[in-house]
Every structure is written in C-alpha cells, then in structure tokens.
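As structure tokens, the structure follows; a few thoughts come after it.
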Amino acid sequence: DTAVSQTPKYLVTQMGNDKSIKCEQNLGHDTMYWYKQDSKKFLKIMFSYNNKELIINETVPNRFSPKSPDKAHLNLHINSLELGDSAVYFCASRPGTGGFRRGYTFGSGTRLTVV
Amino acid sequence: RKEVEQDPGPFNVPEGATVAFNCTYSNSASQSFFWYRQDCRKEPKLLMSVYSSGNEDGRFTAQLNRASQYISLLIRDSKLSDSATYLCVVSGANNLFFGTGTRLTVIP
Numbered sequence: 004d005t006a007v008s009q010t011p012k013y014l015v016t017q018m019g020n021d022k023s024i025k026c027e028q029n030l031g032h033d034t035m036y037w038y039k040q041d042s043k044k045f046l047k048i049m050f051s052y053n054n055k056e057l058i059i060n061e062t063v064p065n066r067f068s069p070k071s072p073d074k075a076h077l078n079l080h081i082n083s084l085e086l087g088d089s090a091v092y093f094c095a096s097r098p099g100t101g102g103f104r105r106g107y108t109f110g111s112g113t114r115l116t117v118v
Numbered sequence: 244r245k246e247v248e249q250d251p252g253p254f255n256v257p258e259g260a261t262v263a264f265n266c267t268y269s270n271s272a273s274q275s276f277f278w279y280r281q282d283c284r285k286e287p288k289l290l291m292s293v294y295s296s297g298n299e300d301g302r303f304t305a306q307l308n309r310a311s312q313y314i315s316l317l318i319r320d321s322k323l324s325d326s327a328t329y330l331c332v333v334s335g336a337n338n339l340f341f342g343t344g345t346r347l348t349v350i351p
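If you're matching them up, the sequences are chains A and B in order.
So my numbering is basically just the index in the first sequence, starting at one, shifted up by 3.
So my numbering is basically just the index in the second sequence, starting at one, shifted up by 243.
Structure representation (structure tokens):
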C-alpha cells in the first residue's frame, strides 16, 4: 500500500502550458505539503493545508495554485509554465496532532521538465 | 540566512569507517529535529529523530546541542548501502525546514 502517492512521476511539457500534479495520502493525516527541490537539491516549502484549509503559502508565483478537495488530497496546478519551474515536486503529509514527532511521510516526487 | 546550514560534502569514506555530519540551525524556538536520508532520484525518508539527550539507532547516533543550535549524526562501521544524501531537518511553527544535505559515498 502506497502511503503518499503522487501522479505523474515524470512530466515533460513545453513552456506556456498548464499542468497539474496530484497527491493522495491514505494515512489519515490532517496536514499535507508541497515542497520544491531544485537542481541544487534544496527542499523549499511551497504550500501547506490542514484539513482542507491553507495554512502556509510561501512566496511562490501566483501561477501555482494548490487545491485540497478533502484532507486526503492536495493537488498542485501550474499555469503558464516557465523553464525555471523545472524541478522535483514532493508532496508530504503528517498527522495533525503530536507535533512533528514523526516527521513527514513523502511521496515519491514528480520530476517536472519544462522545455 | 538559511534556517538550516549543512556542509554539502561530498564525504568519500572507505567501508568500515566512522563518519560524522554536522549542521546548525537558526531558530532557537525549534522543537523537533530529524535526520532524513535521500537516495539519488528518490524521496527523503526519515532516518531518525534527534533528542536532547542524544539517541542511538544501531550504527547511527544523533546528538543535539540546543545552546549551540547544533545537530550531529555519527555513522559507525559504514556500509556501501549508507551511500546517500543526509538531510538535517528542523521544525518551524507549521512545517519542517531542510538543510541542503551532505552527500556520503562509501567506497569498497
């Protein structure tokens, strides 16, 4: 059973296109995240939702829009893709209670390449 | 200033060696600390939490010095399978902050 699953695993698309990445977790966690890992391997927080409510919205271009239809799903839609959006995008989740004692569980990542 | 600073390495060590990684963090209010491991082209996976009293999990020992805002990871008797990037991770109010990672290669 996959705990946090992301689709697609790979995405190659042209500049200017609009694309979505989907994330689902079956752990019963309350909080979900999107992180971006760039070519320098730095993992940077983008968004976080707790029980469908946006709680973190870092300085990210407004071409990026997260959507959480329910607490088990957090999708990321990107408009007008640019070359600099090429990166690996990781979804993660954690229980809403108990602080960060158990850290996060990550999805396997979506490798986005904009050409 | 970054929330978490790590030496990126790379560290190239022979099998059986002992290797230590360090990191520093900027937010003195951080409450939770972790080491994650990331293999090439894979997601980060929790290696171990770090407690103030220090903790050990097999060949891995983690230490936390709150006064100096310093975290360490010691790997004893390195195996080839330990080759990976080790990420130092610190909690914020609502999320975790990740260091850029230290790359370890264990050589036969």
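Note that the Cβ used here is the ideal one computed from N, Cα and C, for glycine as well.
It should be emphasised that the depicted structure is a prediction, and the values quoted were computed from it without experimental measurement.
Looking at residue i: is its Cβ nearer than 9 Å to the Cβ of residue j?
{"i": "Phe276/B", "j": "Val293/B", "result": "yes"}
{"i": "Lys43/A", "j": "Thr343/B", "result": "yes"}
{"i": "Met49/A", "j": "Leu84/A", "result": "no"}
{"i": "Val7/A", "j": "Cys94/A", "result": "yes"}
{"i": "Arg97/A", "j": "Gly110/A", "result": "no"}
{"i": "Ile350/B", "j": "Val247/B", "result": "no"}
{"i": "Cys266/B", "j": "Cys331/B", "result": "yes"}
{"i": "Thr113/A", "j": "Gln9/A", "result": "yes"}
{"i": "Phe103/A", "j": "Asn82/A", "result": "no"}
{"i": "Gly259/B", "j": "Thr345/B", "result": "no"}
{"i": "Leu347/B", "j": "Ile314/B", "result": "no"}
{"i": "Val118/A", "j": "Gln17/A", "result": "yes"}
{"i": "Asn53/A", "j": "Gly19/A", "result": "no"}
Name the chain A residues whose beta carbon is nearer than 7 Å to that of residue i?
{"i": "Thr343/B", "result": "Lys43, Lys44 and Phe45"}
Mind checking which residues open and close the beta strand (DSSP E) that includes residue i?
{"i": "Pro72/A", "result": "Phe67 to Asp73"}
{"i": "Asp300/B", "result": "Asn298 to Asp300"}
{"i": "Thr5/A", "result": "Note, Thr5/A: premise wrong, no beta strand (DSSP E); not H, not E."}
{"i": "Ala90/A", "result": "Ala90 to Arg97"}
{"i": "Val352/B", "result": "Outside the shown range of chain B (244 to 351) lies residue 352/B, about which nothing can therefore be said."}
{"i": "Val117/A", "result": "Thr113 to Val117"}
{"i": "Tyr107/A", "result": "That residue, Tyr107/A, is in no beta strand (DSSP E); it is neither H nor E in DSSP."}
{"i": "Gln312/B", "result": "Counting along the chain, Gln312/B falls outside any beta strand (DSSP E), and DSSP gives it neither H nor E."}
{"i": "Glu85/A", "result": "Here Glu85/A belongs to no beta strand (DSSP E), and DSSP marks it neither H nor E."}
{"i": "Glu248/B", "result": "Val247 to Gln249"}
{"i": "Val257/B", "result": "The sequence given here has Pro at residue 257/B, not Val. Taken as a continuous stretch (DSSP letters only), the beta strand (DSSP E) holding Pro257/B covers Phe254 to Pro257."}
Whose Cβ in chain A lies nearer than 9 Å to the Cβ of residue i?
{"i": "Ser275/B", "result": "Gly102, Phe103, Arg104 and Gly106"}
{"i": "Thr328/B", "result": "Lys44"}
Just the chain B side, please: which residues come within less than 8 Å of residue i by C-beta, in chain order?
{"i": "Phe109/A", "result": "Glu286, Pro287 and Lys288"}
{"i": "Tyr36/A", "result": "Asn338"}
{"i": "Ile81/A", "result": "The premise fails here: Ile81/A is roughly 20 Å from chain B at the closest Cβ pair, so nothing lies under 8 Å."}
List the residues of chain B whose Cβ lies closer than 9 Å to the Cβ of residue i, in chain order.
{"i": "Gly112/A", "result": "Arg284, Lys285 and Glu286"}
{"i": "Phe67/A", "result": "Ordered by position in chain B, no residue passes the 9 Å Cβ test against Phe67/A, which lies about 16 Å from the chain."}
{"i": "Ser51/A", "result": "Asn337 and Asn338"}
>> So if I threshold CB-CB distances at 9 Å, which residues from the stretch 277-311 of chain B count as touching chain A?
In response: Considering only beta carbons, the part of the stretch 277-311 of chain B lying closer than 9 Å to chain A consists of Phe277, Tyr279, Gln281, Arg284, Lys285, Glu286, Pro287, Lys288, Leu289 and Ser292, in chain order.
> What beta strand (DSSP E) runs, 3 residues minimum, are completely inside the stretch 269-304 of chain B?
Replying inline: Counting whole runs of 3 or more residues, the stretch 269-304 of chain B contains the beta strand (DSSP E) stretches 276-281, 287-292 and 298-300.
>> For a minimum of 3 consecutive residues, which ranges assigned as the beta strand (DSSP E) are wholly contained in the stretch 12-64 of chain A?
In response: With a minimum length of 3 residues, the continuous beta strand (DSSP E) runs that stay inside the stretch 12-64 of chain A are 13-16, 22-28, 34-40, 46-53 and 56-60.
> What residues in the stretch 21-34 of chain A have a beta carbon less than 7 Å from any beta carbon of chain B?
Replying inline: Residues: none.
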